[in-house]
Every structure is written in C-alpha cells, then in structure tokens.
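In terms of this note's numbering, the sequence shown opens at residue 24 and continues consecutively.
Glycine is no exception: its CB is placed at the ideal position from the N, C-alpha and C atoms.
Given the structure is predicted, the values throughout are model-derived calculations rather than measurements.
Okay, so here's the structure we're looking at.
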Amino acid sequence: MESKDYRDRCSSLLKEFNQMITDGPKDTISYEKGDEIIREFRHLVYAFDPNLPLNTELNEQSLQLFTPYMGVDAHERSVSRIRRFMEFFIHYIDTYKVSKSNSIQMEST
C-alpha cells in the first residue's frame with residue numbers, strides 16, 4: 024500500500040468512529056464496533072511502519088473506549104484521545120512525504 028492508501032483508510036476509520044459516536048449507544052454492545060475500529064487503526068499504523076514512535080503510544084490503555092455508562096467525563100476523554108491519535112496519523116502522513124522505502128521528506132510549505 025502507498026502512503027495515500029493508509030491515509031485514506033485512516034480517514035475512513037475516523038469517519039466510522041465519529042458516526043458511531045454521533046449515533047450514540049443503544050447499549051454497551053453498540054461500542055463493540057468502536058473496539059473493532061480501534062483494533063484496525065492499531066494494525067494500520069503498525070503495517071505502515073512498525074518502528075513508528077506512534078506505535079509505542081498506541082497501547083491498550085491509551086486507546087480504550089469508555090462507554091457513557093462508565094462516566095461521561097471518562098467517555099468524552101477517551102473519545103477525544105482516540106480522535107487525536109487518528110488525526111495525528113493523518114497529519115503525519117500529510118506532513119511528511121513517506122515513500123514505500125520509508126525515506127521521509129518534509130513537505131515544503
């Protein structure tokens with residue numbers, strides 16, 4: 024896959040995640056889709072570059088999705104954290120031109 028493919032897939036995952044949050048939970052089982060999105064995001068980042076420092080930040084605790092039933096504050100913080108990680112990965116790809124050989128070039132502004 025090319026960098027654009029990774030970016031497009033992450034954007035798609037972010038849209039799915041946002042839609043799931045917007046729709047709201049019908050019950051705690053509704054958030055299983057969120058767990059699937061998070062799992063796929065983790066694998067996407069790892070497949071992009073196993074040595075990317077972001078991988079060390081994507082541990083179980085940092086991407087745990089709390090349901091509103093676990094407390095509104097905890098839920099909002101977890102949603103915000105997950106979005107930030109996804110948005111950062113998109114930013115990383117947009118900011119650095121990463122070729123298939125993983126040679127990084129800064130995008131000129």
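Which stretch, first to last residue, makes up the alpha helix (DSSP H) that contains residue i?
{"i": "Arg75", "result": "At residue 75 the sequence reads Leu, which differs from the Arg that was named. From DSSP, Leu75 is part of no alpha helix (DSSP H); its letter is neither H nor E."}
{"i": "Phe108", "result": "Val95 to Thr118"}
{"i": "Glu25", "result": "Neither: Glu25 is in no alpha helix (DSSP H) and is coded neither H nor E."}
Are the Cβ atoms of residue i and residue j separated by less than 8 angstroms?
{"i": "Val68", "j": "Leu81", "result": "yes"}
{"i": "Leu36", "j": "Glu63", "result": "yes"}
{"i": "Phe108", "j": "Leu86", "result": "yes"}
{"i": "Ile61", "j": "Glu39", "result": "no"}
Spatial neighbours of residue i within its chain, please: CB distance less than 7 angstroms, with the 5 preceding and 5 following residues excluded, ordered by chain position.
{"i": "Asp58", "result": "Leu88"}
{"i": "Asn78", "result": "Val68 and Tyr69"}
{"i": "Tyr29", "result": "Leu67, Phe71 and Ile116"}
{"i": "Arg32", "result": "Leu67"}
Ordered along the chain, which non-local residues of its own chain (more than five positions away) have a Cβ less than 8 angstroms from that of residue i?
{"i": "Glu110", "result": "Leu37"}
{"i": "Ser34", "result": "Ile113"}
{"i": "Met104", "result": "The residue asked about is misnamed: residue 104 is Arg in this sequence, not Met. Counting only Cβ-Cβ distances below 8 angstroms, and skipping sequence neighbours, we find Ser85 and Leu86."}
{"i": "Arg106", "result": "Leu37, Phe40 and Asn41"}
Could you check whether the Cβ of residue i sits closer than 8 angstroms to any Cβ belonging to chain C?
{"i": "Asp117", "result": "This model lacks chain C altogether, as it is built from one protein chain only."}
Residues in the same chain with beta-carbon distance under 6 angstroms from residue i, minus the five sequence neighbours each way, listed in chain order, please.
{"i": "Ile44", "result": "Val102"}
{"i": "Thr132", "result": "Caution is warranted here: a pLDDT of 45 is assigned to Thr132, below 50, making its placement in the model unreliable, and no coordinate value can be reported."}
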